[in-house]
Each structure stands twice: as structure tokens, then as C-alpha cells.
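Residue numbers (our numbering), protein chains in the order written: chain A, 1 to 224; chain B, 225 to 448; chain C, 449 to 672; chain D, 673 to 896; chain E, 897 to 1120; chain F, 1121 to 1344. The beta-carbon is built from N, C-alpha and C at its ideal position, and this holds for glycine as well.
Number of protein chains: 6
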Amino acid sequence: MRILILNPNSDPQMTAAIEQTAKGFARGAFEVSCRSLDDAPKFIETYRDKLQVGPRMVQLVEAAEDQTDAFIVACHSDPNLDALKEISQKPVVGIGEASMKMATLLGHRFAVITTDRHSIPAKVAQAEKYGLSRDMVSVRAPDKGARYANETELFLALARTAVETDLAEVIVLGCAGLTGLDRQLQRELEVPVLDGVVCALIIASGLVRYGVSTSKVLGYNPHY
Amino acid sequence: MRILILNPNSDPQMTAAIEQTAKGFARGAFEVSCRSLDDAPKFIETYRDKLQVGPRMVQLVEAAEDQTDAFIVACHSDPNLDALKEISQKPVVGIGEASMKMATLLGHRFAVITTDRHSIPAKVAQAEKYGLSRDMVSVRAPDKGARYANETELFLALARTAVETDLAEVIVLGCAGLTGLDRQLQRELEVPVLDGVVCALIIASGLVRYGVSTSKVLGYNPHY
Amino acid sequence: MRILILNPNSDPQMTAAIEQTAKGFARGAFEVSCRSLDDAPKFIETYRDKLQVGPRMVQLVEAAEDQTDAFIVACHSDPNLDALKEISQKPVVGIGEASMKMATLLGHRFAVITTDRHSIPAKVAQAEKYGLSRDMVSVRAPDKGARYANETELFLALARTAVETDLAEVIVLGCAGLTGLDRQLQRELEVPVLDGVVCALIIASGLVRYGVSTSKVLGYNPHY
Amino acid sequence: MRILILNPNSDPQMTAAIEQTAKGFARGAFEVSCRSLDDAPKFIETYRDKLQVGPRMVQLVEAAEDQTDAFIVACHSDPNLDALKEISQKPVVGIGEASMKMATLLGHRFAVITTDRHSIPAKVAQAEKYGLSRDMVSVRAPDKGARYANETELFLALARTAVETDLAEVIVLGCAGLTGLDRQLQRELEVPVLDGVVCALIIASGLVRYGVSTSKVLGYNPHY
Amino acid sequence: MRILILNPNSDPQMTAAIEQTAKGFARGAFEVSCRSLDDAPKFIETYRDKLQVGPRMVQLVEAAEDQTDAFIVACHSDPNLDALKEISQKPVVGIGEASMKMATLLGHRFAVITTDRHSIPAKVAQAEKYGLSRDMVSVRAPDKGARYANETELFLALARTAVETDLAEVIVLGCAGLTGLDRQLQRELEVPVLDGVVCALIIASGLVRYGVSTSKVLGYNPHY
Amino acid sequence: MRILILNPNSDPQMTAAIEQTAKGFARGAFEVSCRSLDDAPKFIETYRDKLQVGPRMVQLVEAAEDQTDAFIVACHSDPNLDALKEISQKPVVGIGEASMKMATLLGHRFAVITTDRHSIPAKVAQAEKYGLSRDMVSVRAPDKGARYANETELFLALARTAVETDLAEVIVLGCAGLTGLDRQLQRELEVPVLDGVVCALIIASGLVRYGVSTSKVLGYNPHY
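The structure is reproduced here in C-alpha cells:
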């Protein structure tokens, strides 16, 4: 089984970190690699960023379709996910949908911690798209000018507020760039902390093993 | 006041029809023109179609920004609308959002009639995105192989079923290609029948006159 | 085109202010005037106030029906709006529905600022009636005994809290008596601030130009 | 304990029938009477009807306030109920809210049967106002020109369809004029059939006995 | 009329207090008694507690079915209520559903005050089960280590915060163990404070008098 | 890795079939077995059935806790799932929640096919509990007295109606007893058909591999 992870930005460090997380989960049970888009923005943040990388994501999936058993989109906003589900015969899983839906299996309410207040409205809209508004108790992002010893302390503080003030029972890492923070936060907070890359791998590898993929009967049929 | 309508497909007939509808509404009170995208698909139907035309829509808006007071996206699925609202300082209105929200002001429930069953799931998702699921009583599209004397008879029949069976009080034309059908259907059915091009013009020209545009304080801020 | 605005209270200053706002928007493109009800309460606040003015509003609309192309109800709680839509053949637009629905076109979430905590439950119920609970992030009203240099400072402070704390991207003035505050607040806060009188004029004048009015096929049919 | 039922129309037969139902339930445990409004319409159906009777309903409640322990509004659309809750210190219960909320205690989903298709949109809006859209599986009204041996057969047929086709487990009589039909329909269909007059009496008499009435702390405070 | 109240825990003091409240409301108009389960936990708090007492609750209802006209479950989480509605031919009312639904008749929004933060997620889920999420503005429970002169002061403080901060108009006592606090809190706060035991008695005794019970046509039919 | 599947009924054939499905999916990658409850009902259908088997399910989980890495509840109504999540430190997954949430990743809307009309209201309530009402387009069960060549034909017909009439894009097998039907229905209908046993295995085995389990911070904390 070969799973290909698309990192829709062009940050090689993030791509490497995602791949490390993925291989650490796979432990050889299946092949997994992560590819980024060469001329993509350094970071996917705006609606325009998501739109700009769309055609390149399509190209990459089409080129890899034959040698790949499942695709994962490793940006927590799940950019262009509907189009990829439509064009591929293979399972395509977004780390946003996978992590937020997995969270609902592990506790009553979850919170998303993310890197910037700017992305809160889009994250709220994303939860609505998936019918998860009720289950997502809050989105926490750092205030402008917040000062912390390091990134881990910053996100730990956000997650702690989500647990203690918002009564979140599960924390979802709301950005692929946070990959790897799950263990440490989980240790400190004693609540499940979900890395979308792992959640998407669970579902994608499971679907491949099951032999089930996106329905082509109506809305995801590319040849209507 | 100059309003530019983007027809994101490449059908010159549809572009001409949209422009005719728009000029017929404007009656010289403001300038309005419709432009299509040269290398776009003939018809925008799939998720991939919507994604493919995204970068070109951005280019077109950016190129026209200085000479334009408001933009309208003339595809009823409102493709890439969030990105255009983000990049432009001018009002950007989708014919889908405009027509469906206008419909809620004219009756208790509305129905959308559209060209193909394939687009029903995406139309339902679009209504959810706008919080209109409760108000959209049905989406009606022709069955495969349905035979009618002509297109008008076909859509008249769909709209009549929406009114009589689904108790829709307002009909929304769910495709820019249906522009111009509103008068005839309204005459036959004696219910409001809304052409999204006109609805978007009402709102866009009104916002220009008012001097109000998309909020740039958070989620539509292009420089987060 | 002649548009008649009903101010359902009896405050001549508010009536004058509303008319000034309306004429300032119309700039001669259409005729617009505002009339109040002689023996109405000074201010419409309670459920009883709304009910008491109902029969007079009906009379006024019936008397003016023939010389009027569209009616606007200039009280943000939209009192008796369903009945007026039912009795008139002309478009009838409430400033509450117009402003709150317009707000959804300009940002992800809006807030309403209003004059009194007492009206918060009714404003929440009104948003639910229109299916806008999801989009209305908060209703902000002054605490009892709040002290401010002047009214503008007071409502500016409320709106600022809505933007900074509640993450509202658009502000809706929740009372016809606040007409005229939009420009100043918009300048200070750099977010769209919507005056319902203008929003209703945009829609009402647009509907007249389009030749579309309330559906009479079922629930607004006065002769069932 | 004295409970006063307001029939907001002017049909003396309906008033008598409502009073008979009420006395039959009370069986002397409390006093109950029903009064109609002299110059009201014969039947309350349109939005205008509801509005027209508002000031008279207020007068009647104010005049009876001192000698009455609780009020019931015996029109299933609960006209002007918020205003009456506001002006009275005594419990005020609508037969619509009472019957539809009672229905949720007796089965998974309920249906409302009513006298005219015209009132379906308003009934749907009423269920939304009470947050009951999820629980109300359908509103059934006779088709125009439907022929039945008698009224009972007609409403029995509607209720049967609601049970067998819509899977309603409880039937709510959606018009005060249907009072008295509950027993017969219940016998035929073997499902609970609720008369709103009785449901409102259960709640109103219970609240009087409990010594609890409408909250006056905020939204129903008449002296804000 | 004989109503049997089940206290699903084994605390004799709580059983006595519930019975005292019940007899105080009944004032001889009907017979009412409260029974606890011998080997039940001292307090019902966890999901496991609720499940453990299920079979005993079934036994108790079956044994008492013939001599009882209605059953009440006196634990605010309404444990095993669906099963009891299914097995009994008599009305079965939970104090949770009765009090929360009654609250919606008395004010725009209600809050629940309860004994422990631990039960907040389950209370939120319970409100969702009944379709009351919109109407329940908050659940307030004491912080760990909160210090108060006595229990009444503690719950008074919680309820006051719910009224002043959350804008609750009605308070629901979220635990059968709080029975008897309603009068005192109501006096202090001047808002309705509802004891679920009384609310359930109002509905149960009313249903017995009406001769209506749980629908057996589909989902509560024990012999499907 | 050892996963234990609980079949809460006492049908040895169903237990064997579930185990066969599970082993067929595991293909030796992890150990999996299925156990039934000796004195349970032959079939879990009523609310009472679910309640009766609760204490035995708790016993079984507690007894197996130390030798088991994850538990699966193999009844599509997910009986007593909250309690099992609470008492175990290991992941506990219900086949109902797993299959319905997995379905949302593979198509726009899903339908559940089940064995009896009687269980439709409970299935609808279960979807609401998981926040999936919007995504579950229908529940289809055989009419009483429906005649089919064999069970497969019967459920194939139900699923086909769900796809063609209700526009379901994914089919969920709504009963553990239907295990094994997925392949054949999928072949015939060309839509994903999900067996909850497999879906739960995907998630449970993934969570074990990930090292994440139910949150114990609040609502599932057994020692509150």
C-alpha cells in the first residue's frame, strides 16, 4: 500500500516534518511519502493561497494516481478537497476533516488550536461545512503580540485554556505545521491531542485495506 | 458606476445573454458589462471546473480592480467567491448568494431549479454554507431522459412541481444559463422567479451607492 | 419610483432623521419619504408596543398602496412585517431583515448593537426567525448605568467590543434611531457598519426596478 | 383557581365547543370559561387577522387580570402570545406551544393536522420559533377540493397518512376548531391525539398550583 | 390517581425530600409516593451509574404498573427514560425533560444549575437530545474548591450569574437533590426557578386526567 | 494488538459472522475476536433490550480490559457506548458511530438500511446524537409483508431506492446482522456500502497504533 501526502505549500521543513510523522505512524506497515508543490506559497493561509494551489494539486494527483493507493491533503483547511475526491478513483482524505471527525469519537466536545486569529472565521466555516459546529467548542489562536518562551509553550497555553475554560475534552492541532506537538501536549494536559496527519493516515490506510473509495454515483462523478 | 460581471465559463452566447439581462435591468443607470474567461470550460459543472478557473478569475479581478466599482460572479455555484471577496477592495457578489438570500425576503420557502441532477449535492452544500438549508425547500433538476417540447417547458414543469408539491413560494433560477427565463415562468406560475444576475446587480449597485464593501478586519483580510 | 418608509413610533425627530438618511441615499434617483404614526408610542420597545401599532400600520399601507411602489418598515424589530407583506401587492422590506441579511454578504459574522439589554432576547428570536442565529455572533447593548461622553462614544465602544472580542466582521445598527451613525463608526472601526434604512432601500428600490414582489401563492395570500 | 380561555375569533359555536372541552377536562377541579372577541373575524387565518385582534386581546387580559389566575389563548397559531406574556403577571399559555411541546413527551415525532394548506408555512414558522422543527415531522392539510363523507373522516384520513407515511407517533390538532376530535381519532388510530385546549389547561393549571409565572427579568418585562 | 416517583439512587434523605416536595404540590388532589432502589449507588452521576440502575428501574415499573397511573423518574439526567416509556402503558415523565421544556414556556432562555462540572457535557447532550440546545443558554456548576457559607448560597450565586451574565430568564434545578431550593432562589432572584419534580407532576397528573399516554405505534412499541 | 468485539446479543451465528468479517479485514495484522453475551436476547431491538444487556457489557469489558487493546460494540444502535467509553482506558468504538461518520468522508449524503421500520425513530435519534441528521438523507427499512426472493434482494432494493430516490451517495448497513452484505451491494449499486464492523476496526486499530484513547478529563471520567 502506497499513500501519498500532499503538502500544498512549499516549505521543505514542513514537508519533512509531515513525512516524519507519517513514517513514524506507518512503521513500515505501508509506504508513505509527502510531497510539496514547488511554486506554492510558503504557507497556505488566505483564500487566495488555497485557490492558487488548486490546479497544481490536481496535476499532482493525476500524475500519481496510478502508483498511489490513497491521497492525503496535509493542510488543515482541506483546500480543494472536493475537487480531488472528484477526480481520483482512490480515497482522498483531508487532515482537517479526519482530525475533527476523529475527535468526536474521543470526547464530548473538541477545540482546535491554530496559528493565527485570521484563520478563525474560515475554521468556523469549515466546521459548519462538515456539520461539526455543535461539537467544536472553540478555536483558539494566539493574540497578536503574545509572548511565550517558545512555540510549544504558546500552543500548550492555548490548549490548556480550551480545556479549562471552554471545557474541550479533545484538542485538534489546527495546522499541519504543528505536526509532532501532539505527544507533548497530550502528556502535559492529559487529554487526547490529535495530529491530523495521523488521523488521515488511519482513515486512508483503512479505506485502502477495506477497498472502499469516494462515491462516484452523483456529486463526485467527474463525468456527469 | 461600473459593474463588471464575470462569467467563469467560455460560452460567448451565455456571456451575451447575461450582459443583455444586466443592461436590461440597468437601463443606463449604471454601466455594466460581462466578460468570460477565454480558456475556461464551456460550462462550469464539476468541482474541478470551479477550481481550474480560479486563478484566471483572480487575474481578471486584479486587472479590472481600478476601473471597476463592483464585481459579480455569474455562475450560480459562486465559485471562488471567498477568494475574490478577499483580494478586492470593491464589493463582490455571487449570483447564487444574492438570489437565494433575496428569495427569503419574498416568501416563506424557495426552491432552486437547475440543469442537472449531478449538481444537487453541491447546491445543497451551498445552501448550508449560507445557512439557508431551512429556507430552501427543494432543488429540482430534470430526470435523465426527460422529454419536453423545449427548455422553457422543461423548467416550467420543474418549477411548477416545486410550487405545487414542495410548497415553494419563490423560484430561484439555479444556473446563469437560465437567465431570461424569469419573466415567462413568473407569468405562468404567478410566483416570484429570481434571476441571480439581477439579484446580484441590485445588491452590488446598492453597495456601491452606499459606499460599503467587504469587511477586511479579519477573515477576508488579504494581508493577515 | 416612490418608496414610503413607515416609522412605527411617533417621534418626529427620528422620522426626520430617517428621511434624511433615505434622501441622502436616494440622491434623487427615486422619491422617498418617511411617515410616522400619530398616536403611536414615542419608542417601540415592548411586545405590546409592536402589537398596538399593528392596525395603524395596516391602515397606512392600505391608504398609500396606490401611490407607492414599495414600503419599508423602519423599526429594527420588523414589527408586523408578515402582515404587511400579506396585505400589500408591493414589496415590503423591514430594516431588520434587510440589514442582517446584507451583513452576511460582507463578512463571516456580524454583530448587532442596540440601545437596551431588554431587547436582546427579542433580537435573538428575530435572528432565529430569519435563520441567522449562526451568523449573528452577538448582540451588544449598554449595561445599565454605563457612562459615556456621548451616544456616539457609547455605541462605538459596543461595536469595538463586538469586533475585537466577539470577532464580528460587520456591525449592524440595531435600532432605526441610530440612523446616521454608520459613517462615523465605519471610519473609526474600519469595518462595514450597516444602517438598516439604507439596506432596505437598496432592496426595495431594486425589487421595484426588477418588477418582483412578495409571493402570493400560499402563505402571504390575503384571500386564502 | 380561575382560568380564562380567549378565543380570538368571534364564532360563538367554537367558543362553546372550547368551553365544553375545557370544563370536561376540569371536572370541577378549577373554574374555567371561554370568551371570544365580539368584533373579531369569524375565523383567524391570515397574518392580518392575528394582528387585528391584538389590541382587543390585550384589553381583555388587562380587564380580567385581577379575577383570573391564568390565561389561555385558544388559537393554534398562538397569536400575540409574547405580548400577553409580557403584560400579564399571570401564566399565559398558547394552545399551539402547549400541544406541540406536550407531543414531544409522548413520542419521537409528531404531526400537525390543520384545516387549510394556506396555513402550512405559518405553522412551519411557528414550529421553528419554538425550536420544534426537528420534532414536527409534517403538517397535513386537506387538498383543495378533497371530498369526504364528513369532517371527521377528512381529518382522520390526514392523521392516518401522517402516521403511516410520515411516521408521526403523535397527532396534534392544529386548530382550536378541531376541539373534541381527539378521542375519536385516538380510538381509530391508536396514537395519542392532542387537543391544544387540554394541553394548555394541564400546563396553566399546573403553573397556578405551583405558583410560577412568566419571567419578568428581561425580555417579558413590560417596564424595561 | 396514584403517581409513583422513582428515585434511582439509594439515598433515603433525598427520597424523603422528593416525596415531601411532591406531596406539597399534590395537596391531596392525587396520591404520590417516592421509592428509591435499594442497592443503587448513593448518587447517580456517571454513565455507568445510569446503566447499572436500568434493570432495577424496569423491575420496579413492571411490579407497580397495575397500581400506578403514572411514573416519574426523579433524576435530572432522565436515566433509562426511553426504556420505561416503552415498557409501560402509563405515562412516564422525566424530571429533566419536564423542567427544561416547562422552562421554555416561561422565558426566552433558561439555564440549568447543577452540582458538578463533571456533568456538564452530559447535560449539554441531554438538551440536544430534546432539541433544546438553542433554549438552554448555559449550564452552571460550582468550580472545584469553591467556598460558600452553605449550599443555598452556592446555588444562589450560580443562578445569579446565569441570570446576570448569561441572560437566563428561567432557572432549572439540574439535580433531584436540589429539590426544595426553588422557592428561596425564586424569592431572591425574582425569576422562575423550576424544580423538576413539580414540573413532572404537573405533566404526569395532567396526562392521567386527560387519558393520554406514550405512543405505542412505532418506536416505543415493546412488541415490534 | 488485540481487539475484542462485543456482540451484545446471544445469536452465535451472528457472532461467527461478525468475527469472520473482522478476521477477513484484519488479515493477521492484528488479533480480533468476537464475543456474545450468554443470557442476552436473541436480537437487540427494543430500548429495553439495550438496557438489559448493559451491566453484562460492563462486566465483559472490565474482565477483558487488561488483555485487550480496544473494544468494539457490534450493534448498530451503539447501546451503552457512553458507559463503556467511561469505564475503559482503552478505545471503545461503536459500529454505528464509526460507519455513519466514515460515510460522511465518502459522499455528500448517506442512507442507512435496516431490518425493521420499528427502529427508524431510534436511528434518527442516534444520528441526531452524533450531529449527523443533516448528512443522513434517509433510513430505509422493509415494509411489513414485503416479499423478496431472499434477504440480499430485499436489502438491495432498499439501498437502490435510497440511491435513486433519496440521492444517497453512500449506504450504511444499519444492523450488525447484515455483515457481509457490503461487497455484493457495492458491486450491484456502484456506491460505497459500509459494514460498521469494518469501519469500527479501521478506527479502533488506528487509535491503538496512535496511542490515543477516550478523553478522561471531564465527561468520561469515571471518578469525577
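Next on the checklist: Quick check on the DSSP output: the alpha helix (DSSP H) that includes Ile-535 of chain C runs from which residue to which?
Outcome noted: As a first step, residue 535 of chain C is located in the third sequence; it is residue number 87 there, counting from the start. It spans 529-535 - the alpha helix (DSSP H) in which Ile-535 of chain C sits, taken as one unbroken run.
Checklist entry - Closest to Glu-1139 of chain F by CA distance: which of F:Gly-1300, F:Ser-1325, F:Val-1313, F:Gly-1331 is it? => result Along the sixth sequence, one-based indexing puts residue 1139 of chain F at 19. Of F:Gly-1300, F:Ser-1325, F:Val-1313, F:Gly-1331, the residue nearest in Cα terms is F:Gly-1300.
Checklist entry - Given that Glu-689 of chain C touches chain A, what residues does it touch there, using C-beta distances under 8 Å? => result Here chain C has residues from 449 to 672 only, and residue 689 of chain C is not among them.
Item to check | Within chain E, partners of Glu-1165 of chain F - CB distance below 8 Å | outcome: Stepping through the sixth sequence from its first residue, residue 1165 of chain F is reached at position 45. The answer, in chain order, is Tyr-1120.
Item to check | Assigned secondary structure, Val-208 of chain A (DSSP; H/G/I helix, E/B strand, else coil) | outcome: For the purposes of this step, residue 208 of chain A is taken as residue 208 along the first sequence, with counting starting at 1. The answer is helix: DSSP assigns Val-208 of chain A an H, G or I state.
Checklist entry - From Glu-1273 of chain F to Phe-967 of chain E, what distance separates their C-alpha atoms? => result Here residue 1273 of chain F corresponds to residue number 153 of the sixth sequence, with the count starting at 1. Here residue 967 of chain E corresponds to residue number 71 of the fifth sequence, with the count starting at 1. If you take the alpha carbons of Glu-1273 of chain F and Phe-967 of chain E, they lie about 44 Å apart.
Checklist entry - Between the region 519-548 of chain C and chain D, which residues of the former have a C-beta closer than 7 Å to a C-beta of the latter? => result Asn-528, Asp-530, Ala-531, Glu-534, Ile-535
Item to check | For Gln-126 of chain A and Arg-147 of chain A, the rounded distance between their alpha carbons | outcome: For the purposes of this step, residue 147 of chain A is taken as the residue at position 147 of the first sequence. For the purposes of this step, residue 126 of chain A is taken as the residue at position 126 of the first sequence. Rounded to the nearest angstrom, the two C-alpha atoms are 28 Å apart.
Checklist entry - In angstroms, rounded to a whole number, what distance separates the CA positions of Arg-699 of chain D and Arg-674 of chain D? => result Along the fourth sequence, one-based indexing puts residue 699 of chain D at 27. Along the fourth sequence, one-based indexing puts residue 674 of chain D at 2. Distance between the alpha carbons of Arg-699 of chain D and Arg-674 of chain D is about 13 Å.
Item to check | Rounded straight-line distance, which links the Cα of Arg-364 of chain B to that of Leu-857 of chain D | outcome: Looking up residue 857 of chain D in the fourth sequence gives position 185. Looking up residue 364 of chain B in the second sequence gives position 140. Cα to Cα, Leu-857 of chain D sits roughly 36 Å from Arg-364 of chain B.
Checklist entry - Would a C-beta distance cut-off of 7 Å place Leu-900 of chain E and Ala-994 of chain E closer than the cut-off? => result One-based indexing of the fifth sequence puts residue 900 of chain E at position 4. One-based indexing of the fifth sequence puts residue 994 of chain E at position 98. No, the Cβ-Cβ distance between Leu-900 of chain E and Ala-994 of chain E is not below 7 Å.
Next on the checklist: Would you call the region 526-539 of chain C in contact with the region 550-560 of chain C, where contact means no fewer than 3 C-beta pairs closer than 8 Å?
Outcome noted: no
Next on the checklist: To the nearest angstrom, how far is the alpha carbon of Asp-935 of chain E from that of Lys-986 of chain E?
Outcome noted: In the fifth sequence, the residue the question calls residue 935 of chain E occupies position 39. In the fifth sequence, the residue the question calls residue 986 of chain E occupies position 90. Roughly 25 Å between the two C-alpha positions.
Checklist entry - How big is the Cα-Cα spacing for Ser-458 of chain C and Tyr-354 of chain B? => result Position 10 of the third sequence, counting from 1, holds the residue named residue 458 of chain C. Position 130 of the second sequence, counting from 1, holds the residue named residue 354 of chain B. Distance between the alpha carbons of Ser-458 of chain C and Tyr-354 of chain B is about 37 Å.
Next on the checklist: Using only the alpha-carbon positions, how far apart do Asp-1255 of chain F and Thr-1281 of chain F sit?
Outcome noted: If you number the sixth sequence from 1, residue 1255 of chain F lands on position 135. If you number the sixth sequence from 1, residue 1281 of chain F lands on position 161. Distance between the alpha carbons of Asp-1255 of chain F and Thr-1281 of chain F: 17 Å.
Next on the checklist: My output table needs one value for Ala-607 of chain C: the three-state DSSP class, helix, strand or coil.
Outcome noted: As a working note, residue 607 of chain C is residue 159 in the third sequence. Ala-607 of chain C: helix per DSSP, three-state reduction.
Checklist entry - Taking the alpha-carbon positions, what's the Glu-717 of chain D to Asn-679 of chain D distance? => result Start at 1 with the first residue of the fourth sequence, and residue 717 of chain D comes out as number 45. Start at 1 with the first residue of the fourth sequence, and residue 679 of chain D comes out as number 7. Glu-717 of chain D and Asn-679 of chain D: Cα-Cα distance of roughly 13 Å.
Item to check | Other residues of its chain near Ser-437 of chain B: CB distance less than 7 Å, five sequence neighbours each side excluded | outcome: As a first step, residue 437 of chain B must be located in the second sequence, where it is residue number 213. Hits under 7 Å: Gln-313, Lys-314, Pro-315, Leu-431.
Checklist entry - So which residues on chain A does Arg-557 of chain C lean against when the C-beta distance must stay under 9 Å? => result Taking the third sequence and counting its residues from 1, one reaches residue 557 of chain C at position 109. Here the neighbours are Pro-121, Val-124.
Checklist entry - Applying a beta-carbon distance threshold of less than 8 Å, which residues of chain H neighbour Gly-1115 of chain E? => result Included in the structure are the protein chains A, B, C, D, E and F, with no chain H among them.
Item to check | Neighbourhood of Leu-1074 of chain E by C-beta, 7 Å cutoff - its chain only, sequence neighbours within 5 removed | outcome: Here residue 1074 of chain E is taken as the residue at index 178 of the fifth sequence, counted from 1. Closer than 7 Å at Cβ, skipping near neighbours: Phe-1051.
Checklist entry - Which one or two residues does DSSP pair with Ser-484 of chain C in a beta bridge? => result Stepping through the third sequence from its first residue, residue 484 of chain C is reached at position 36. The partner list for Ser-484 of chain C (beta bridge, DSSP) reads C:Asn-455.
Item to check | Partner residues on chain A for Gly-1251 of chain F, Cβ-Cβ distance less than 8 Å | outcome: Residue mapping note: residue 1251 of chain F aligns to position 131 of the sixth sequence, counting from 1. By Cβ distance, chain A contributes Thr-104, Gly-131, Leu-132, Arg-134, Asp-135.
Next on the checklist: Assuming contact is defined by CB atoms lying nearer than 7 Å, are Ile-395 of chain B and Ala-383 of chain B in contact in what I supplied?
Outcome noted: Walking along the second sequence from the start, residue 395 of chain B turns up at place 171. Walking along the second sequence from the start, residue 383 of chain B turns up at place 159. Yes, Cβ-Cβ distance for Ile-395 of chain B and Ala-383 of chain B is below 7 Å.
Checklist entry - Given a threshold of 16 other Cβ atoms within 10 Å of its Cβ, counted over all protein chains shown, does Pro-236 of chain B qualify as buried or as exposed? => result One-based indexing of the second sequence puts residue 236 of chain B at position 12. Exposed, by the Cβ-count rule.
Checklist entry - Quick one: does the C-beta of Ala-701 of chain D sit closer than 6 Å to a heavy atom of the ligand GDP? => result Among the components of this structure there are no ligands whatsoever, and the ligand GDP is therefore not found.
Checklist entry - Going by other Cβ atoms of all chains shown within 10 Å of its Cβ, with 16 needed for buried, is Glu-617 of chain C buried or exposed? => result As a position in the third sequence, residue 617 of chain C is number 169, starting the count at 1. With 16 or more Cβ atoms within 10 Å of its Cβ, Glu-617 of chain C is classed as buried.
Checklist entry - Taking the alpha carbon of Val-704 of chain D as the point to measure from, which residue in D:His-748, D:Lys-757, D:Val-869, D:Ile-785 has its own alpha carbon closest? => result Numbered from its first residue, the fourth sequence carries residue 704 of chain D at position 32. Looking at the Cα atoms, D:Val-869 is the closest of the given residues.
Item to check | For His-790 of chain D and Asn-598 of chain C, believed in contact at Cβ under 8 Å, the rounded distance | outcome: Looking up residue 598 of chain C in the third sequence gives position 150. Looking up residue 790 of chain D in the fourth sequence gives position 118. About 50 Å; that fails the 8 Å criterion.
Item to check | Distance, Val-1113 of chain E Cα to Asp-867 of chain D Cα | outcome: Position 195 of the fourth sequence, counted from the first residue, corresponds to residue 867 of chain D. Position 217 of the fifth sequence, counted from the first residue, corresponds to residue 1113 of chain E. For Asp-867 of chain D and Val-1113 of chain E, the distance between alpha carbons rounds to 19 Å.
Checklist entry - If we ignore side chains and look at the alpha-carbon of each, how far apart do Met-774 of chain D and Gly-990 of chain E end up? => result Position 102 of the fourth sequence holds residue 774 of chain D. Position 94 of the fifth sequence holds residue 990 of chain E. Near 13 Å, if we compare the C-alpha coordinates of Gly-990 of chain E and Met-774 of chain D.
Checklist entry - Does the separation of the CB atoms of Phe-254 of chain B and Ser-429 of chain B fall below 7 Å? => result Sequence index remark: in the second sequence, residue 254 of chain B carries index 30 (1-based). Sequence index remark: in the second sequence, residue 429 of chain B carries index 205 (1-based). Yes; because the gap between Cβ atoms is below 7 Å, this pair is in contact.
Item to check | Contact check, Cys-299 of chain B vs Ala-400 of chain B, beta carbons under 7 Å | outcome: The count along the second sequence starts at 1 and reaches residue 299 of chain B at position 75. The count along the second sequence starts at 1 and reaches residue 400 of chain B at position 176. The answer is yes: Cβ separation under 7 Å.
Checklist entry - Helix, strand or coil: how does DSSP classify Gly-96 of chain A here? => result Here residue 96 of chain A refers to the residue found at position 96 when the first sequence is read from its first residue. Helix at Gly-96 of chain A.
Item to check | chain F within 7 Å of Pro-12 of chain A, Cβ atoms only | outcome: Counting from 1 along the first sequence, the entry for residue 12 of chain A is found at position 12. Not one chain F Cβ lies under 7 Å of Pro-12 of chain A.
Checklist entry - Going by DSSP, what residues sit across from Ile-968 of chain E in a beta bridge? => result Position 72 of the fifth sequence, counted from the start, is the residue given in the question as residue 968 of chain E. BP columns for Ile-968 of chain E point to E:Ile-901, E:Val-989.
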